[in-house]
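Numbering (our numbering), first residue to last: 6 to 648.
All C-beta atoms, glycine included, are put in the ideal place defined by N, C-alpha and C.
These numbers come from a predicted model, not from an experiment.
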């Protein structure tokens with residue numbers, strides 16, 4: 006077996022296409038924006054010679070940071086041409102390239118997304134679900150027969166070609182698809198949380214992963230909710246690996262045994278025992294119209310599908326509001342961190358600046374991981390991170406849990422300041438974000454727990470804190486391993502440095518009763534609005550109240566001792582920055598010693614070189630874990646007020 010993993014240091018090419026092309030605008034008139042993806046924007050366009058309508062996906066070349074990115078775009082084009090004869094795959098009309106963009110002109114699908122179309126039609130049955138699955142798995146089988154692995158099957162990637170009754174369902178996005186050979190296994194973790202197969206999370210997978218993803222879509226088509234659900238992405242991943250599939254709740258008692266049998270076979274965790282795409286198409290529930298009943302599945306399933314689809318859109322709007330509208334309210338210490346990274350004072354962070362900045366704070370992230378951070382943060386796809394994007398990335402990766410963020414996002418939707426979000430206000434927001442055909446009555450009804458026909462703040466916040474059903478990022482490394490905020494918070498501990506001197510405060514009586522916390526935390530405490538850069542020994546640490554850091558062993562300190570760190574180089578708040586010359590006068594970081602190890606094995610997280618994952622490594626070295634409790638004294642020092 007061979008494993009394939011992304012990552013290349015080859016010289017970057019200046020072109021994607023291996024041939025010259027004419028100018029796009031010589032042949033097409035480009036019109037309104039149809040959609041925005043992570044790597045490109047899709048526009049409506051009209052062929053000048055024929056007047057025919059098409060969709061044009063324009064990918065900015067500044068977004069392509071390395072040779073792998075250029076190869077990815079070229080591979081997507083090749084795969085679309087490879088599958089172009091299949092009736093259920095969007096056909097590519099042509100490709101164009103100039104100095105700034107790569108353009109993919111393709112068939113226009115104006116019939117809407119899969120779930121939206123189902124709920125709009127009203128009548129929905131097992132037989133209709135079977136017909137849809139026949140199309141979806143037919144695409145999967147075609148891919149596999151031609152040596153292509155899709156790797157990102159989800160309802161959003163299937164569109165109807167027209168609004169007509171006899172419209173065809175078509176697969177539209179092959180940005181994560183790859184060519185593969187029999188016996189070849191991949192290791193890069195890609196996809197979308199609800200639909201990812203367990204072997205993808207284990208980083209050793211083949212084409213069987215596509216069948217799992219199609220099985221998740223089938224489960225949702227039959228009952229309206231995903232089979233593996235949790236409040237967080239990591240919770241979803243745990244359910245995928247260990248959770249039990251629910252066939253007891255409504256409407257499953259009324260679903261045919263044949264349908265359940267197919268779901269079980271598609272969602273078998275062992276890929277070696279999982280049914281193949283061809284076997285799915287030969288299953289009686291797919292083949293025989295009399296096996297899949299035509300009776301309606303019931304209004305509950307349609308309602309859930311409406312909620313699942315609309316919740317994606319509503320939550321994405323809210324996340325964009327927080328990221329784009331509230332950036333200046335979430336400065337904290339991030340402004341100074343941004344300035345530290347922006348070494349040429351251009352107002353933007355390049356890939357090299359991000360990479361060097363991470364190295365300066367002791368990060369051992371692989372270049373491919375840093376590239377993933379860059380891609381996630383670069384909202385406008387121009388190849389750099391501006392200040393707003395930097396804040397948006399850190400806010401998003403902190404899961405938007407801070408109350409002031411949610412309040413401000415709520416206020417954006419609550420146009421009249423009444424304290425409630427109405428259907429009219431949500432429809433207005435949809436227009437502002439360019440979202441059409443979004444039916445929000447049912448999502449209002451779902452969120453509206455007190456049944457007054459509108460959404461108050463408590464209901465809105467509860468919706469925002471639930472698991473995000475719409476994450477479809479190009480890579481899930483951010484969900485599995487690290488995020489941009491964490492990457493800069495704690496420097497890697499150097500265990501060979503000399504012991505550090507600290508000043509000890511007298512422990513209070515209740516300290517003796519303080520319970521020692523585990524060595525590794527699994528949840529991130531809420532960050533306070535102040536941060537500091539402090540010297541401990543010969544190393545610098547960025548610290549926040551409520552967070553812990555690992556340092557070399559602190560001389561003379563014992564567990565539960567209160568300590569003070571006085572070599573404070575910088576303190577940042579929402580409105581001011583206190584910069585030391587060399588230290589901030591009177592500034593003190595207060596902390597408590599949580600663990601002081603001598604010669605026992607301590608588990609710490611560390612990235613293994615030349616691998617795209619991190620693992621637990623045991624160190625038999627003396628280290629100390631201290632928790633920051635507060636930062637004081639800096640208020641009397643000269644400050645730079647932030648505009």
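Quick one: give me the first and last residue of the beta strand (DSSP E) that residue 181 is part of.
Looking at the DSSP string, residue 181 is not in any beta strand (DSSP E), and its letter there is neither H nor E.
Since residue 65 is in the alpha helix (DSSP H), which residue starts that stretch and which ends it?
From DSSP, residue 65 is part of no alpha helix (DSSP H) but of the beta strand (DSSP E) over 58-65.
Would you say residue 651 and residue 188 are within 8 Å of each other, going by their C-beta atoms?
With the chain covering 6 to 648 only, the question about residue 651 has no answer from this structure.
State the DSSP-derived secondary structure class of residue 215, mapped to helix, strand or coil.
helix
Within the continuous beta strand (DSSP E) that includes residue 50, where are the two ends?
46-52
Beta-bridge pairing of residue 600 - partner residues as DSSP gives them:
630
From 169, 638, 21, 583, pick the residue whose C-alpha is nearest to that of residue 595; which is it?
The candidate whose alpha carbon is nearest that of residue 595 is 638.
Taking contact to mean at least 3 C-beta pairs separated by less than 8 Å, is the region 134-152 in contact with the region 285-295?
Between the region 134-152 and the region 285-295 there are three or more inter-stretch CB-CB distances shorter than 8 Å, so the stretches are counted as touching.
Could you compute how far the alpha carbon of residue 67 sits from the alpha carbon of residue 25?
19 Å
Which of the three DSSP states, helix, strand or coil, is assigned to residue 253?
coil
Same chain, Cβ closer than 7 Å to residue 178, five either side skipped, listed in chain order:
157, 162
Bridge-paired residues (DSSP) for residue 38
48
Cβ separation of residue 183 and residue 80, assumed to be a contact under 8 Å, to the nearest whole Å:
7 Å
Our contact map puts residue 223 next to residue 174 with C-beta atoms below 8 Å; I'd like the distance itself, whole angstroms only.
The pair is not a contact, with the Cβ atoms about 14 Å apart (cut-off 8 Å).
Look at the Cβ atom of residue 570, then the Cβ atom of residue 539, and state whether they are nearer than 8 Å.
Going by C-beta atoms, residue 570 is nearer than 8 Å to residue 539.
Is the beta carbon of residue 39 sitting closer than 8 Å to the one on residue 116?
no
Residue 150, DSSP secondary structure in three states:
helix
Anyone know if the C-beta pair for residue 276 and residue 185 falls short of 8 Å?
no
Sufficient close CB pairs (3 or more, under 8 Å) joining the region 248-267 to the region 227-236:
yes
Just the C-alpha distance for residue 583 and residue 597, rounded to the nearest angstrom, thanks.
24 Å
Those residues which DSSP pairs with residue 106 across a bridge:
65
Quick one: using the 10 Å Cβ neighbour count with 16 as the cut-off for buried, is residue 287 buried or exposed?
exposed
On the premise that residue 172 lies in contact with residue 91, defined as a C-beta separation below 8 Å, what is that separation, rounded to the nearest angstrom?
Contact doesn't hold; Cβ gap of about 16 Å is too wide.
Could you check whether residue 635 and residue 589 sit closer than 8 Å to each other, using their CB atoms as the reference points?
no
Here's the rule I'm using: 16 or more other beta-carbon atoms within 10 Å means buried, otherwise exposed. How should residue 108 be labelled?
buried
Where the beta strand (DSSP E) containing residue 577 begins and where it ends
573-577
Under the rule that 16 or more other beta-carbon atoms within 10 Å means buried, what is residue 62, buried or exposed?
buried
Close-in-space but distant-in-sequence residues of the same chain around residue 113 (CB under 6 Å, 5 per side omitted):
58, 59, 60
Here's a check: name, in chain order, each residue in its chain whose Cβ is nearer than 7 Å to the Cβ of residue 248, leaving out the five neighbours to either side.
233
Closest by CA to residue 545, which one among 551, 556, 238, 44?
556
Would you list the one or two residues that DSSP bridges to residue 139?
Residue 139 pairs with nothing; no bridge assigned.
Rounded distance between the beta-carbons of residue 95 and residue 21, thought under 8 Å
That belief does not hold up - the Cβ atoms of residue 21 and residue 95 are roughly 19 Å apart, past 8 Å.
Beta-bridge partners of residue 165, as assigned by DSSP
174
For a test of the three-state rule: what should DSSP assign to residue 260, helix, strand or coil?
coil
Unbroken beta strand (DSSP E) run spanning residue 460, endpoints
Per DSSP, residue 460 is not a residue of any beta strand (DSSP E), being assigned neither H nor E.
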